[in-house]
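**Q**
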Amino acid sequence: MAERIIRTIGVLTSGGDAPGMNAAIRAVVRTALGKGVKVRGIRKGYKGLLNEEIIDLDAGDVSDIIQRGGTILQTARCKEMITEEGQQKAAAICKKYGIDGLVVIGGDGSFRGAQKLAYLGVNTIGVPGTIDLDIDCTEYTIGFDTAVNTAMEAIDKVRDTSTSHSRCSIIEVMGRSVGWLAAASMLAKRSEKGAPHLIYLPEHDFNEAEFVEDVKKVYEENGFVVAVIGEGFHDSEGNPVGSNPFADVKQASKIYGGASTYLASLISEKLNLKARAQDLTMAQ
């Protein structure tokens, strides 16, 4: 079989943005150009690919971006890419623009799209970029370390206020259905006095009665409580905590204010203590 020569590659960022994506784009572009390979940037992820929002990139286009958050190529969700028709259209557009290989920077959903394109003959490379750390076969994802440090800094500030006001603070962090971000935020501070008192992860069923008892015990010992929860955690029946009577987590969050708000109200109701929710699910 004749060796396939790569003359042009495409690069896109898809799904949720993560700190470090711009550095990854810069590395892809400058490495490829250094090897004589042309680079085409695809705006707005798979949505931009299907809309043919494709531009040529040179070294100057990725100058002064390494320290910037987000992604200069922008990103978007794309339901059409889930369909077989959308996948075939994307593969045809790659061929139309002479893209011999595609670098996809993103999370698990982005990787599923890359896998479908690979089945259709498009050479693909996945660069794990997600603060959730929820991609198999890698121990590190772009954005995770920054998100952990952001959460740790916020926990420090919330703890100071909680101490001052004798308050119970429930800090909700991102992570979707996995608790790596919440767990790492806590473990990183275990050697310090500033570590949270309690942590609740999606990997374990949540029990309201035990939660109330834990908060009561910690408050009696310390005079304040700092608890960290990972978004997406659920009860023994698989229902997202705080979402009843709604099955849709997003709908529940809009109405109840999310799990952190629900737990804060639970503390106020059951223990008659001052409690406040701190939602960091948009801060990482």
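In terms of the working numbering, the sequence shown opens at residue 31 and continues consecutively.
In this text, a Cβ means the ideal position worked out from N, Cα and C, and glycines have one as well.
Here the structure is a predicted model, which means the values were calculated and not measured.
#1: Measuring alpha carbon to alpha carbon, tell me which residue in G78, N269, Y292, D88 is nearest G66.
#2: How do the stretch 33-43 and the stretch 127-142 stand: do at least 3 beta-carbon pairs fall below 8 Å, yes or no?
#3: Check the DSSP bridge columns for D309 and list the partner residues they point to.
#4: May I have the straight-line CA-CA distance separating I95 from A57, to the nearest angstrom?
#5: Please give the ranges of any beta strand (DSSP E) in the stretch 112-139, keeping only runs that are unbroken, at least 3 residues long and fully inside the region.
#6: Sort D91, S93, G116 by Cα distance to K77 and report the nearest one.
#7: Between the Cα of L303 and those of A225, R197, D235, spot the shortest distance and give me the residue it belongs to.
#8: Does the stretch 202-212 touch the stretch 251-263, meaning 3 or more C-beta pairs lie closer than 8 Å?
#9: Which residue wins for smallest C-alpha separation from I172, given the options K119, L301, G50, L310?
#10: What's the gap between the Cα of A294 and the Cα of A307?
#11: For P318 and L79, I'd like the C-alpha separation in whole angstroms.
#12: Between which residues of its own chain and D265 is the CB-CB distance below 7 Å, once the five residues before and five after are set aside?
#13: Quick one, which of A184, G159, D186 has its alpha-carbon nearest F174's?
#14: Applying the 10 Å Cβ sphere with the 16-neighbour rule, what's the burial state of S207?
#15: Under the three-state reduction of DSSP, which class applies to I96: helix, strand or coil?
#16: Rounded to a whole number of angstroms, what is the C-alpha to C-alpha distance between R189 and I85?
#17: Per DSSP, what kind of secondary structure is D47 in: helix, strand or coil?
#18: Using only alpha-carbon positions, find the residue among E240, G46, C167 that is nearest to I161.
#19: Classify S283 as buried or exposed, calling it buried when 16 or more other Cβ atoms lie within 10 Å of its own Cβ.
#20: Distance check for I72 and A239, CA to CA, integer angstroms please.
#21: Taking DSSP as the reference, what is the three-state secondary structure of T180?
**A** Quick answer:
#1: D88
#2: yes
#3: E202
#4: 11 Å
#5: 131-136
#6: G116
#7: R197
#8: yes
#9: G50
#10: 6 Å
#11: The question about residue 318 has no answer here: the residues shown for the chain are numbered 31 through 314.
#12: D235, F236, V271
#13: G159
#14: exposed
#15: coil
#16: 47 Å
#17: coil
#18: G46
#19: For S283, the predicted structure reports a pLDDT of 43, less than 50, and the residue's modelled location is therefore unreliable. A value from the coordinates is still provided. With 16 or more other Cβ atoms within 10 Å, it is buried.
#20: 50 Å
#21: helix
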